[in-house]
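According to the UniProt record's numbering, the stretch in the sequence shown is residues 1 to 209, in order.
Don't be surprised by glycine CBs; every beta carbon is placed ideally from N, CA and C.
Please read all numbers here as calculations on a predicted model, not as lab measurements.
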Amino acid sequence: MSSFPGTGSAARPLIVPRRPRSFTQVSHRISLNESVVQESPIEEQLPSDSSSGSEPETDIASQETPSTLETKQRKGLQELHIEYEKRMNEIKAMHFRRRNESRRAYDNKRTIAIDDYNKAGCWGIFRFSPRRKLDAIDRDQENADNYFAKSERIERRAVERRFEDREELCIHCYRRMWKKMYPSIPFWYDRPNPDALDIPVMTYYQPID
């Protein structure tokens with residue numbers, strides 16, 4: 001979705017764009033036959049690098065510096081953000097494909113209704129206008145489009161909540177690791193207005209005690 005700075009010694013730390021905490025709420029729940037995404041426990045979904053949520057090993061801790069640890073933790077949050085964007089794009093593509101398939105099906109129904117009207121035999125003088133049937137098809141398509149839109153919003157919101165929980169847990173684990181390794185240095189994430197215009201993570205959470 002967006003490019004991030006490099007991680008060289010003279011480069012700026014990796015940062016992740018801000019993603020607002022508040023999202024548009026679905027006005028009301030609807031029953032869907034499709035199941036919402038089921039994912040594994042939050043603890044199993046933290047970024048896979050050595051700094052993502054687990055307590056540091058003794059040999060690793062002796063080699064870490066505040067700068068390198070901050071870079072690794074920023075990278076872990078960046079990977080989480082990239083995973084979030086990938087999942088949201090998958091949902092968007094899936095529902096776009098379903099809407100297109102539905103619209104093609106309704107277009108075929110319209111074609112059949114018009115063909116049936118035009119192919120009437122000698123009794124065709126008594127045939128009714130296909131307008132009523134076409135109007136019914138239009139209403140059915142509109143209902144289908146509304147269903148797919150609500151289905152997508154519900155699924156996207158479920159994924160948003162899931163990733164918000166994962167991000168919060170990830171930051172909590174990073175903070176614990178930082179305090180254990182560098183108790184005299186403030187946690188980089190808790191700095192006021194970190195990196196000025198560049199916020200390193202998707203949202204800003206308060207510490208979990």
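Between the beta-carbon of residue i and the beta-carbon of residue j, is there less than 8 Å?
i: residue 87; j: residue 148; result: no
i: residue 80; j: residue 173; result: no
i: residue 154; j: residue 66; result: no
i: residue 175; j: residue 189; result: yes
Got a sec? Which residues, its chain only, sit under 6 Å from residue i by beta carbon, not counting five neighbours each side?
i: residue 104; result: none
i: residue 178; result: 187
Would you kindly work out how many angstroms separate the C-alpha atoms of residue i and residue j, rounded to a whole number?
i: residue 82; j: residue 135; result: 44 Å
i: residue 183; j: residue 164; result: 27 Å
i: residue 97; j: residue 106; result: 15 Å
i: residue 235; j: residue 101; result: No statement about residue 235 is possible, as the shown extent of the chain runs from 1 to 209 and does not include it.
i: residue 150; j: residue 78; result: 29 Å
i: residue 95; j: residue 161; result: 19 Å
i: residue 152; j: residue 144; result: 12 Å
i: residue 146; j: residue 139; result: 11 Å
i: residue 128; j: residue 116; result: 11 Å
i: residue 111; j: residue 119; result: 12 Å
Taking 7 Å as the cut-off, is the CB of residue i close to at least one heavy atom of the ligand SAM?
i: residue 104; result: Ligands are entirely absent from the displayed structure, and the ligand SAM is therefore not among its contents.
Kindly indicate which residue of the options has the alpha-carbon position closest to the one of residue i.
i: residue 84; options: 143, 166, 68 and 191; result: 166
i: residue 141; options: 155, 109 and 89; result: 109
i: residue 90; options: 188, 190 and 159; result: 159
Got a sec: is the Cβ-Cβ distance from residue i to anything in chain D below 8 Å?
i: residue 133; result: Of the protein chains in the structure, only one exists, and it is not chain D.
Below 8 Å CB to CB, which residues in the same chain sit around residue i once its five sequence neighbours on both sides are set aside?
i: residue 113; result: 130, 133, 134 and 137
i: residue 36; result: Legend: pLDDT at residue 36 = 39, less than 50; position of this residue unreliable, no value from coordinates given.
Going by beta carbon distance, what residues of the same chain come within less than 7 Å of residue i, once the five residues before and after it are set aside?
i: residue 92; result: none
i: residue 192; result: none
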